[in-house]
Structure formats: C-alpha cells, structure tokens
Amino acid sequence: MSYLVVQNLVKRYGGVTAVDGVSYRIEQGSFVSLLGPSGCGKTTTLRCIAGLETPDEGTISVADKVVFSSDANVNVPVHRRKMGVVFQNYALWPHMTVFENVAFPLRVRRYQRTEIARRVHEQLEMLGLQGLERRFPSQLSGGQQQRVALARALVHDSDLLLFDEPLSNLDAKLREQAIFELKKLHKKLGKTIVYVTHNQVEALAMSDVMAVMKEGAIRQMGPPREVYNEPEDQYVATFVGKANAARGRVTTSEDGRVSASVGDVAVEGVAQHDRMFRVGEEVRLFFRPEVTRVHASTEVTGTNAWVAKVDSVAFLGEQTEFELSLGGLAVRAVQLSMSTIREGDLVVISVNPNDVRIVAESQWGEA
Amino acid sequence: MGLPQRMTWATLMALGSLCILAVLVGVPLSAIIQSAFREGSPFEPGALTLDHVWSFITTERYRAAAANTLIISVVAVAVAAFFGFTIGWLVERTDVPFRAPIRTVTLVPYFFPTFIGALGWVFLGSPGSGLLNVLLRSMNPPFGPFDVNSIYMVGVILGLYLSPLAFILSGSVISNMDAAMEEAASASGAPTLLVIRKIVMPLMAPGIIAAAVLVFIMALQNFGVPVLLAQPAGNQVLVTQLYTEQAFGVPRYGPGGVIALLLVLALAGLQVLYYKETAMSQKFVTVTGKVSRPNTIRLGIARWPVFVTWLAYATLVVFLPFGVLFYMSLRPIQTFGGPLTLDNYARIFNDPVLLRALGNSFSYATIGSVLTILFALLLVWLNTRADVGFARILDGLATVPIAMPGIVLGTALLWFWVAQPLPVYGTAVIIILVYVTNFLPIAQRNLSAVMLQVSPELEEAALTSGASPARTFASVTFPLLRTGILSSWLLVWLSMFREMSAVIIVYSIGHELLSTTLLQLWQDGDSLTASAIAMVMAAGSLLVVIAVTTLSARLRIPAAGVASP
C-alpha cells in the first residue's frame, strides 16, 4: 500500500484553477520531487497535503488514514496532521532562540522537559548546529537558518516531510552542498519526502521519483533518469535540461531502430517505448547536447555523423558550449573543455544512434 | 470539519463588527445629512428642504467663515511647505552643521497639540501686551505692532506648527530619491538644470503634492489655532463657527449641518486626492532597499548663515512660544518680569473641577485607546488573516471618519444622542464614542502596517508543528505583534489625551477634560492656569511616552524577520 495517496486533487482560486486533477501515489521512504515553473501548482499541491489550503475536490490519505476527502467531508486540521514542513523562507520565529524554535513541536505535544532537551540536542548535533542553541535566528547565516528549519521539521519524528523550495534562498555553493547533505539524510532516516522545487538540478540529484508539472497538472512522473532520457514531450524535455529536437520523416522502422530524414540529413535513432512507426510518418528526433560530439576534423565516418559549421563557442570553464548549424538546422553541443575549435570552423558532429530518441510528432507538442 | 467551522466563527465576528461600524459611522453621517436637508431636528424628521443651504450661501458670517478658512489654509500650506521642504532638504542633502539636533528640534512641535503653540503666541504676539510687540515698540524707531489675530498671521502661525509634518513627509520623499537616477541622467549627458527639471522634479512631484494635500487637510480642520488666535478678534473659520453655534449643549441644526457637510465633502475629496498622489509616488519608489546616497551638497560659506536662519525659525516656533508658556505658568500675573510662583499648578490640584479633568483625561484616554486598539486589531485580523468575503468593506467603513473633523463628529453625535432616551449624552459614553470613532482610522492604519511585517509563513510553521490555532496565536502571532500593538496604542492614547476639538462639544459637567478646561479657563481670562494645564498635559504625555518606550524596549525581539545570511 502506498504511503501518501493523492487522488484527483482540485484547487481553484476564484476563476483560476491552480491544481487541476492531480493524482499520485508515493511509497513509504521515497523522495519525491514536484518540479515545475512558478504557478504550475506544485506549492499549492504541497500546501493541500499539509492542510494549509483546503482543496475543492479530491482525496488525500497518509499512512492509510484519510486526512482530506471532499466526498466523505473529512478535513483533518493542520495541527493534527503529523508531519514536518520546511518553508521556503524557513519561517523561523524571530522571538525564539534556536533551541526554542526546535523544541516547539515537542512542547506543543507536551513532551517532558528532559526528553525535549535530549531530542533537541541530538537533532542539532546531527545537523552540525551544536553550540548555537542560544542564538536567535537573526544571528545565524542563511545556511544555518536552513538547517534549523530542517531540525524543527525533523525533531518530532514524523514519517512525512514536506519541503517547499527550501534551498532557493541559498547561494549556489551552499545549495550544492545542501543537496548532498539532504540526500545523505534521507538515506539515513528513511522518511517519506515530498519536495517542491523549480530547480531541475535539485530534483534530478535527490529524488527517487520526480513529477514535472505544468498548469496544475502532472506532465510526466518517473525516476529522474527516465524523465531525463525519455521525456514524453517538448515541455518536459526542455524543462529538464537542454534539448536538440528536429522534425523528420521515417524512412525505415524495425525492432525499435528507426531511420529518419531531416531535410537532406539522414539520422538513426531509437523509438521511444519501442513504438512502431510507419514509413513516411512525421516524427521528432530528440537528443541532448552532451551526447553530441564535436570533432576537430572534416572527415565523416560511420552513421549519424555530419559536417556542421560552428556558429558560436562559449567557454564555461570545465566545459565548452557550441552552437552549430547543420544544413538549416541549429544544434547545440556541450563538451568537456578542450581543443582549438573556433567560430566559423567546419567540424564533424556525431551522435550515437542509441542516444537519439524518436517520438511521434503528435505526442511531442509545444513547449 | 475544522476549517469551515473557524470560518463561520470569523464570519460571525465580521458581522458583529459591521454592526458596530454601522453605528459608529452611520449615526454621525446621517445626523449631518438629515440636519442639512430637513426642517427641524434631524431625528424628528420634518420635510426635506434646501433652506439651510440657501441660508448658508446668503448669510454674511458663513461666507466670511468659508473665505477665512480658505485663506488660513492656503497661507498655512505655503508656510508649512516652504519651511518643511527647505529644512528637509537641508538635513537630507546638505552639509549644514548640527543636522541631528536640527532634525530633533524641528520635530518637537509635532508631539504637542497645535493649541499649545498657539497659546504661546498669544503671549508673544497679542497687539497690546505681547512680548514681541512690547520689544518692537521699544525699538528706535518704534516698529509694529503686528497683529497675531489677523487672518494672515493666524495662517502663518498655523503653517509654522504644521511645518514639522511637512518636514517629515518631504524628508522621506527627498531621501527616497535614488541618486542613481540623477547619476544616470548626468551620465547620459544632461546638464544639472535639465536633470533637476526632467528627472528630479517629476519624480518628487507626487510625493510633495501628497504632502501638501495632507498639510491642507490638517489646516482645514484645525481648531486649536483659530479658536485661540482668530476668534478673539471676531474672525471665524468654519470649525470655530460650528463650535460657537453648537457649544454648551444647545443643538442648532440647519446651517450647522450644511457647514458639517461642506467640511466632510471637502475632506473626502482631499483624501482621495492624497491617496492618488501617494499611490503615484509609491510607484516611483525603487523596489529594492538599495537606495544609493546622493552626494552631499556643500553649502560653503553659506553653512553658518543657513544654520543661523534655521535657529531663528526654531526660536519663533519652539524656544520662544514654549518658553514663554512655561514662564507664564509660573507667574502670578500676566506680565513680564517679577517673582515666580507655583500657585497656578497648585490650583489644578486644589480645584475639584480641574483635578477631576486631570483624572478624566487620563482614564478616558486609556479606556478609549484600549477599546479602539482592540476593535482595530479585530478588523485588521479579519482583513488580513480570516477568509471573510466582506472584510474589505469593514476596512473601508473604518476609514470613513478621516473625512470628519473632530468638531463635526462631536456635533453630529450631540445632535443624535441628545434626542435619544438612552443616557449617552451627559455621560462618559459619548466622549468614549467620539474618541473611538475619531481615532479608529489611525489605529487601523498602524496595526495593518504592523500585521504586514509578520509573514503568514511564521504562523503556518507553528500550525504544521502541531500547535492549535489558539496556541499559534499565543506563542507566535501575539509575541511578534506586541511591540507594534504597544506603539500603536501609545499613538492613539496620546492623540486622545491631547484632543480638543472632538470633545469640546460633547463634554459635560462631571466629565471635563484637561483640553476643555484649558479652553474654558482661557476664555474666562485665566491664561495663567491655562498655561499650567498646557504644561501638565505636556508632562503627562512625556511621562506616558517614557513609560511605554521603556516597557517596549524590554519586550523587543532581537531582530524581527529573517535576517540575510
């Protein structure tokens, strides 16, 4: 039985439907990200689970207990839903010390004084906050505030943790560090986590399962590798990473191997989900910039290799980004930094056929 | 279901508030309209009539009062804007010496009611015995006398005492100007004068206009200065005209209603203008808190002459009037030179009426301010936190009293309650009603600002930590709001403690207040005891301010909000 079940969730604000029939199941102990741009309904979904918003329709159950159901007229108030929440701006109470902030969930549950002290210290130590007990939130750095907020969500040992963009206020370096720490913490504690973010790197790096949302609905849900490698449509492909996508027509299709022509260019690839295509069918060919190799030569060998012109080169330190044109087609490529390729050069680019996905044009849609 | 239950509870309180507001705002408004357009008393409805309007238009003294009001207000705005803006500019942008003391001293009159300054000017400028006129006469060749009771001088003095308000408002307009905008214009190649004309002036204009409109609003309804300075010479403005006709418990409807209505409409129009200009100037404020400081303008050899000029201003507005008032409160007779005595102060504590007024002023202001703050808190909570559809209507209704000058509100309530069987007129209740209605908008505006500083996320974090809504309020919301509530309460208390115009009509024997006895004594010719009362009022305010700020410092949170890393 799934641990968190959301069925047919609908939330409207006036005439605007913020969440439009979202359903998913989350297994106990898994880390699930809701990823999408602002206004896609990810935060609203999270707030509905927490009980901070009342949905208009749907059912939410946690650990086999229904906490909200529009049909059965059930709505467990926020403070009786057992969970930990980490807010985007941390929401640390400025009039309480670090100790008091973290102790609060235990105090409202009437834990004994000694037990409270023990648990709070244990929690602070685990997050590397020991010695800061008497500080006020305003005397902490951003990274420390974020960890205090985390300690407060963890301290009463609830099985469900909800995160609302907790890393968006950290600078790039701290965020990178926090991603690894959160991941380790999840492995260690085994809690079920729902994590809302608009940052694809966070979602890809930490989740067991990620759901890409748009306009109040889930467009694709699955393990990060699957979503990244086999996006169902243009929106998912471009939101999670960068994509080269070209329109073409099928010339042969056999056992999942597909050849297609894009203008004069012949491309080989793999049919998404082993789908069969008719010859002449309109398709999208999709591949990532980082699987696109750039060779400083003009000698074409093997399949999926073409001569292209370098339009621009951006040196980004550890890697270099290229914009190339192949016939009338714009192609992006990313390589570890090397070589002497310059703007205007003619080069050979190649892609392994296994890295090219072929998707039916009708499914691809607009971004 | 948890949440819908809380919603009905909130809805119930909102409905209750609506009823209270309907009485607080509806009663005076309908009294004014009925009185202006009906024959007889407003609550024994006679036939509809335009006679009152006609008699207002055709009666010489009403026309004169309207003209005087306009002259005094326009002169006051000109004077206040000139001094307020100039001093604001000097303090914010130039290297004039002693900027911090200049700021403090310029603000002093802002903390006292205008009638205290006016009383000081009675001693300084009355044509016969005024100190300044005595000095001017003794000069060779003799000079003056100038007449402090003339309409234009009343406007000038009112303007001087409104200049601190203009100083505060224009100071913030000037300091909000982002220097980067001027620098960008200069970098684009614009010469200085063009930068001022095309960039600085258009950016500051809405803020300065808003400030001028607010000063005009204050001038239009000011009672303390014209009642002490204009009325003795037989010059009336609209508010003193209303007072003269309505004082002492005898309601006179008709033209009074027309005057009241005229003032309400004028103030409502001006308030709309004020909000438009403020909204416009808000649009120009840079979104980030990062406003780069402009270069300080060097005054060069003009530094000290400029400072001396300010010193002359401060002498005329602060040092001389307040000094002479203090001096007179210690004099046995109203002359300069001779022995000093504490008799005037002793009289306050020996005279049963004055002693009662002292007690009443403290207790009524306390009761009124607590009620006002509690009600405003409820309204603000309903508007910002509860999910009640018509909370915005409550918000709007609660701001209506800003269009009613104190004297108009007092008069309207007198008209209504005198005709009712309920014992409200002649008791403390009517004074409390006037207080609450008059100062509700101030309380509400302040508490809204306080509430805005507490992010809803902090309360949500408590709820998701497992705290009930009641526990959340007690542990998080209230502790975060309490210093803000306290300072709003202090502001309302001070406003009530010093209020004269709103209560001068509705007070009665047994329910005298310091401000009403001050005016009474002065009208009876006892300026010396009146001065002592002014001093006691100032001291009482100061005492409460010190007590509350001390308490507030103890309650202060280390630093509100989430600090940046």
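The listed protein sequences correspond, in order, to chains A and B.
Take 0 as the starting number for the first sequence in numbering that gives the first Met the number 0 and just add one per residue.
Take 0 as the starting number for the second sequence in numbering that gives the first Met the number 0 and just add one per residue.
Ideal Cβ positions, reconstructed from N, Cα and C, are used throughout, including at glycine.
Being a predicted model, the structure only gives us computed values, none of them experimental.
So what does DSSP say about residue i, is it helix, strand or coil?
i, result
"glutamate 267 of chain A", "strand"
"glutamate 322 of chain A", "strand"
"isoleucine 296 of chain B", "strand"
"lysine 190 of chain A", "coil"
"threonine 196 of chain A", "strand"
"isoleucine 167 of chain B", "helix"
"tyrosine 23 of chain A", "strand"
"alanine 332 of chain A", "strand"
"glycine 221 of chain A", "strand"
"aspartate 163 of chain A", "strand"
"glycine 40 of chain A", "coil"
"aspartate 158 of chain A", "coil"
"valine 453 of chain B", "coil"
"arginine 287 of chain A", "coil"
"phenylalanine 30 of chain A", "strand"
"glycine 560 of chain B", "With a pLDDT of 41 at glycine 560 of chain B, under the threshold of 50, the predicted position of this residue should be treated as unreliable, though the coordinate-derived value follows. Correct three-state label for glycine 560 of chain B: coil."
"valine 350 of chain A", "coil"
"glutamate 180 of chain A", "helix"
"valine 358 of chain A", "strand"
"threonine 16 of chain A", "strand"
"arginine 256 of chain A", "strand"
"tryptophan 305 of chain A", "strand"
"arginine 133 of chain A", "coil"
Quick check on the burial criterion: 16 or more other C-beta atoms within 10 angstroms. Buried or exposed for residue i?
i, result
"phenylalanine 114 of chain B", "buried"
"tryptophan 203 of chain B", "Contrary to the premise, residue 203 of chain B reads as methionine rather than tryptophan in this sequence. Methionine 203 of chain B is buried by the Cβ-count criterion."
"threonine 196 of chain A", "buried"
"tryptophan 53 of chain B", "exposed"
"arginine 80 of chain A", "buried"
"valine 317 of chain B", "buried"
"serine 360 of chain B", "buried"
"isoleucine 332 of chain B", "exposed"
"glycine 327 of chain A", "exposed"
"glutamate 458 of chain B", "buried"
"arginine 555 of chain B", "exposed"
"tryptophan 309 of chain B", "buried"
"proline 404 of chain B", "buried"
Please return the same chain residues whose Cβ sits closer than 6 Å to the Cβ of residue i, not counting the five positions on each side in sequence.
i, result
"alanine 559 of chain B", "At alanine 559 of chain B the pLDDT is 44, less than 50, meaning the model places this residue with poor confidence and gives no usable figure here."
"proline 223 of chain A", "Leu203, Ser206, Met209"
"alanine 356 of chain B", "Glu511, Leu512, Leu513, Thr516"
"phenylalanine 415 of chain B", "Val26, Ala30"
"tyrosine 344 of chain B", "Ala531"
"isoleucine 32 of chain B", "none"
"valine 330 of chain A", "Asn243, Leu323"
Within its chain, find whatever has a CB closer than 8 Å to the CB of residue i; leave out the 5 residues flanking it on each side and keep chain order.
i, result
"valine 194 of chain B", "Glu181, Ala184, Ser185"
"alanine 236 of chain A", "Pro230, Ala242, Ala244, Phe285"
"valine 352 of chain B", "Glu511, Thr516"
"aspartate 70 of chain A", "Thr58"
"leucine 393 of chain B", "Ala13, Ser16, Leu17, Leu20, Leu378, Leu381, Asn382"
"isoleucine 216 of chain B", "Leu266, Leu269, Gln270, Tyr273"
"proline 163 of chain B", "Gly83, Thr105, Leu106, Val107, Pro108, Tyr109"
"serine 37 of chain A", "His197"
"glycine 288 of chain B", "For glycine 288 of chain B, the predicted model reports a pLDDT of 45, less than 50, meaning its position is unreliable; a value from the coordinates is still stated below. Correct list: empty, nothing qualifies."
"serine 137 of chain A", "Pro93"
"valine 133 of chain B", "Phe335"
Mind reading off the beta-carbon distance from residue i to residue j? Whole number of angstroms is fine, and I expect it under 8 Å.
i, j, result
"leucine 126 of chain A", "glutamate 132 of chain A", "Wrong, their Cβ atoms sit about 12 Å apart, outside the cutoff."
"arginine 151 of chain A", "phenylalanine 103 of chain A", "7 Å"
"valine 355 of chain A", "valine 266 of chain A", "6 Å"
"tyrosine 242 of chain B", "isoleucine 504 of chain B", "7 Å"
"valine 407 of chain B", "leucine 262 of chain B", "5 Å"
Tell me which same chain residues have a C-beta within less than 7 Å of the C-beta of residue i, skipping the five on either side of it?
i, result
"phenylalanine 321 of chain B", "Gly119"
"isoleucine 366 of chain B", "Ile431"
"valine 226 of chain A", "Met209, Val211, Gln219, Val235, Val239"
"valine 74 of chain B", "Tyr151, Gly154, Val155, Gly158"
"glutamate 26 of chain A", "Ser1, Tyr2"
- prompt: In the stretch 493-526 of chain B, which residue ranges form an unbroken alpha helix (DSSP H) of at least 4 residues, counting only runs that do not cross its ends?
  reply: 513-522
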